[in-house]
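Heads up, the thing below is written out as C-alpha cells.
Protein chains in written order, with this note's numbering: chain A, -10 to 351; chain B, 2 to 409.
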C-alpha cells in the first residue's frame, strides 16, 4: 500500500510537470523527413517562443483521423503536414481552415507577396506548400551489369534487368508509367487513362511484370528492399533514395527518368480554438518563410516550394555536399518529368483504385 | 534378468546410408526451394547434396571406429567448405554442422537411438518417440527464432534490418551499439518510454484493485446475475480490439471534452487520464480470471473463523484472504501490466501525440522509417520481461518454501 501511494505521487508529479509547458502537436510523416523539419523549423521555433512541439507521425492516416476527430469534437492536432491531394480532400470536406496566402504568409525578402512567390503551387485554398518532391526509381548498381538503366521502361524490361521490382501498392504513378512504356506520349497519358480501354491497357502492361513485383505501402519499404538486395529497382520518394545513397552509402543510384512531381505542405485543422489557431498561424508564418524553406533542403533533398528559396539552397548540414544536384527540380535531373494531374485523380481515384485492387487480387 | 541392451542387432550399412540420404534430401527440399532457379537445377542440387553426404557418411563409417575422430574430421571438412563460401562466419557454422552430421551418422548406424528406450518397443514406436520430440522441437523453434533473430540485428552497424556480410564474417566493423545510443538519446524514444512507464503502472494498479474486488464479489454465490456481470466484465478481452478502440475513442472524447471544458483540467493531463482508464479496462478481465481461479481453492471457513474471532471484514480481507490469493493477484497484475505496456491499437485511437507510448513509437517507426532502433528497444524489452518473470517466479518459490507448501 505504501508503494502504491508513492507511485501515485510520482505519477502526479510527472503529469504536472508535463502539463505546465505550452505545447503544440504537429503531424508529419516520420523518418528523415520529420528530422529535417525538426532541424529546420521546430528547433529554432521552440528556441524563439518556448513552445514545446510534439511530433505525431500520422500523416499517412491524416484524412481518416481528422474526420474521426472532427466527429468526436476532439481535434488534438494543431498543424498537419499532408500531400496536396489530401489537402484538397480535407478542404472540400471543410476539415481544413481556408487561408489567404498574402495575409498569413511572409512575403519574399524582396517584397514579392507570398501568393506570387508560391505561384502555381497553391493548389487549394487550405494548402500551404512546403516542398516539391518526386516519386522516382532507384536501382542497385551491382545488380544491373554494365548497362545501368537510363529509361523508366527498364522497370518493365525483365529480360535486360532480371530481378524483383518494388512498386507502390496503389494505381497512382504506376498506371502512368505503364502507359508511357506502352508507347503513350506524356501529354496523352491522362486522356488515355480516362477511358476503360486505357485503364485495361495500363493494367495489361503491369501484368507483364506482376510476378516480379514486390508491392510497398510505406516510404521506408523500398530503401530497405534495395539495401537488402531483395529488389533490383524500386520506386519511392527521391528524398528516401538520397538518404540510402548519400547517407547510408548503399550501392544504389537514381533513375530520374519520368519522375513524377508532387507537392507536400501544411494545413491547419478547421475549428481550433482562437488561441490554438493563432499559435498555429504564428508557427506557419515562421516555418514557411524564404530562409526556413531553404534551410530544410540542408537535411533532405526536397525542393523548397518558394521561388525565392531556390538560390539559397546550400550544402547538406552533415555531409557537406552541394544539395542542388540532388534536387528533383535540378535541370540535369528534370530532363524528362511527368506532371501529376490532381484533378484527374480527384475524379477517377475511387474507380481506378477499385479496378487496381481487383487486379492485384487476381 | 536378461540384459536386453546387449542383444546384438546386425548393423546394416544400407539402412544408415539410405536414412542419411533421405534426411539430407528433406533438409535441402526445405532450403533449396527458395534458391534454385528452375526445376532441373533444383533436382540436380538435391541429388548432388544427397550423393555427397551419403559418400561422406560411408567414408566416416568405414574409416573411423570412434565418434570423436569422425566428428573432428567432419567438422574440419565442413568448416573448410564454409570458409570457402562465407569466410569466418561460414567456417563457424560449417564446423557446427560437421559435428552434428558425424554425430547423426554414428547415432543412426550404431542404433544409439534405442538406448534409454524400453527394449520391447517396435520400430514404429521408436520412430514415433523421436517424431514426437521432433515436432515439439519444431514448435519451440518456430516460437523462439523470431525473437532470437532480432537480438543480433539490433547490433547492426547499418541502418537496415539486414545481416550484412561484415556481420556474417564476425567482423567487429559490422557491429555497433549506435541503435542503443539512439534509443537513450533520442527525445521521441525517451518521451514514449517515459509515457509507457507512467501509463502502465497506474493502469495496472487500477485494474488490479477493481479486478480483485470484482472477482471476490462474483465468487459469492448470493450475488444476483453474476454470470451476466462476469461476461460483461471480461468482454474487453473477447470483443475485437479495434471495435473496443473505436467505441472508446468516442466515449473518452466526450469525457475528455467534459473534463477540459467544464472542469477546466489541463489538456495533457486529461489525455493521460483517458489512456490510463482505457488501459485499466483492458487489464481488468485478466485480473478477474486469474483471481477467480485462485479463489476456487480458497477455504471460505477461514473468513468465518476470522469473523468468529472478532476481526472486521477489512482486517479479514487484508490479513487472511489477501495473503492466500496473492499469487493470483500478482499474476493478474503482471498480465494487466503487459497488456498496457504492449498495447498499440487503443492508445492510437484514444491518446494524442503527447501520450505516445513505446509500442506506438515502435509502430510508427516500423512503418515510416524501418530503423533498427526498434530492434534495440525490442531486445531491451525482451531482457526486461525475462528478468521480471524470473524475479516473480523466484519470489513465488521463496514464499512457497517459507510457508512449507513445497519441499525444497
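No residue lacks a Cβ here, since even glycine has one placed at the ideal position from N, Cα and C.
Note that this is a predicted model, so its numbers are computed, not measured.
Cβ shell of residue i (< 6 Å), same chain only, five flanking positions each side left out
i: residue 345 of chain A; result: 160
i: residue 21 of chain A; result: 232, 289
i: residue 118 of chain A; result: 107, 110, 252, 254, 294
i: residue 211 of chain A; result: 155, 205, 223, 225
i: residue 93 of chain A; result: 270
i: residue 65 of chain B; result: 71
Residue i, buried or exposed, once every other Cβ within 10 Å from all chains shown has been counted against 16
i: residue 80 of chain A; result: buried
i: residue 188 of chain A; result: buried
i: residue 347 of chain A; result: exposed
i: residue 215 of chain A; result: buried
i: residue 310 of chain A; result: exposed
i: residue 279 of chain A; result: buried
i: residue 271 of chain B; result: buried
i: residue 194 of chain A; result: buried
i: residue 171 of chain B; result: exposed
i: residue 292 of chain A; result: buried
i: residue 121 of chain B; result: exposed
i: residue 249 of chain A; result: buried
i: residue 53 of chain B; result: exposed
Cβ-Cβ distance between residue i and residue j below 8 Å
i: residue 240 of chain B; j: residue 283 of chain B; result: no
i: residue 374 of chain B; j: residue 129 of chain B; result: no
i: residue 194 of chain B; j: residue 359 of chain B; result: yes
i: residue 122 of chain A; j: residue 221 of chain A; result: no
i: residue 250 of chain B; j: residue 350 of chain B; result: yes
i: residue 55 of chain B; j: residue 97 of chain B; result: no
i: residue 355 of chain B; j: residue 43 of chain A; result: yes
Within-8 Å CB hit, residue i to chain B
i: residue 12 of chain A; result: yes
i: residue 259 of chain A; result: no
i: residue 19 of chain A; result: yes
i: residue 44 of chain A; result: yes
i: residue 213 of chain A; result: yes
i: residue 75 of chain A; result: no
i: residue 237 of chain A; result: yes
i: residue 200 of chain A; result: no
i: residue 217 of chain A; result: yes
Amino acids of chain B, ordered along the chain, whose beta-carbon sits closer than 7 Å to that of residue i
i: residue 289 of chain A; result: Going along chain B, no residue has its Cβ under 7 Å from residue 289 of chain A, so there is no contact; the nearest lies around 13 Å.
i: residue 134 of chain A; result: Chain B residues near residue 134 of chain A: none, gap ~17 Å exceeds 7 Å.
i: residue 57 of chain A; result: 250
Residue i: contacting residues in chain A (beta-carbon distance under 7 Å)
i: residue 258 of chain B; result: 62, 63
i: residue 189 of chain B; result: 44
Own chain, CB closer than 7 Å to residue i, minus 5 neighbours either side, in chain order
i: residue 112 of chain A; result: 73, 77, 252, 331
i: residue 321 of chain B; result: 303, 304, 307
i: residue 224 of chain B; result: 218
i: residue 265 of chain A; result: 67
i: residue 397 of chain B; result: 328
i: residue 279 of chain B; result: 249, 253, 347, 351
CB contact below 8 Å: residue i versus chain A
i: residue 354 of chain B; result: yes
i: residue 184 of chain B; result: no
i: residue 371 of chain B; result: yes
i: residue 174 of chain B; result: no
i: residue 254 of chain B; result: yes
i: residue 389 of chain B; result: no
i: residue 93 of chain B; result: no
i: residue 107 of chain B; result: no
i: residue 163 of chain B; result: yes
i: residue 125 of chain B; result: no
Interface residues of chain A facing residue i [CB-CB closer than 8 Å]
i: residue 208 of chain B; result: Chain A residues near residue 208 of chain B: none, gap ~13 Å exceeds 8 Å.
i: residue 43 of chain B; result: Per Cβ cutoff of 8 Å: no residues; residue 43 of chain B is ~18 Å from chain A at best.
i: residue 365 of chain B; result: 19, 46, 47
i: residue 159 of chain B; result: 216, 237
Cβ shell of residue i (< 8 Å), same chain only, five flanking positions each side left out
i: residue 165 of chain B; result: 157, 158, 159, 175
i: residue 169 of chain A; result: 141, 142, 175, 178, 247, 327
i: residue 287 of chain B; result: 208, 212, 238, 333, 336, 337, 340
Chain-ordered neighbours of residue i on chain B, where CB pairs are closer than 9 Å
i: residue 169 of chain A; result: What residue 169 of chain A touches in chain B: nothing, since even the nearest Cβ is about 29 Å away.
i: residue 88 of chain A; result: Per Cβ cutoff of 9 Å: no residues; residue 88 of chain A is ~23 Å from chain B at best.
i: residue 283 of chain A; result: The contacting residues do not exist; residue 283 of chain A stays about 24 Å from chain B at best.
Closer than 8 Å at the beta carbon, the chain B residues around residue i
i: residue 242 of chain A; result: The premise fails here: residue 242 of chain A is roughly 17 Å from chain B at the closest Cβ pair, so nothing lies under 8 Å.
Contact list for residue i against chain A, beta-carbon separation under 9 Å
i: residue 40 of chain B; result: Ordered by position in chain A, no residue passes the 9 Å Cβ test against residue 40 of chain B, which lies about 16 Å from the chain.
i: residue 320 of chain B; result: None at all; the shortest Cβ gap to chain A is about 13 Å.
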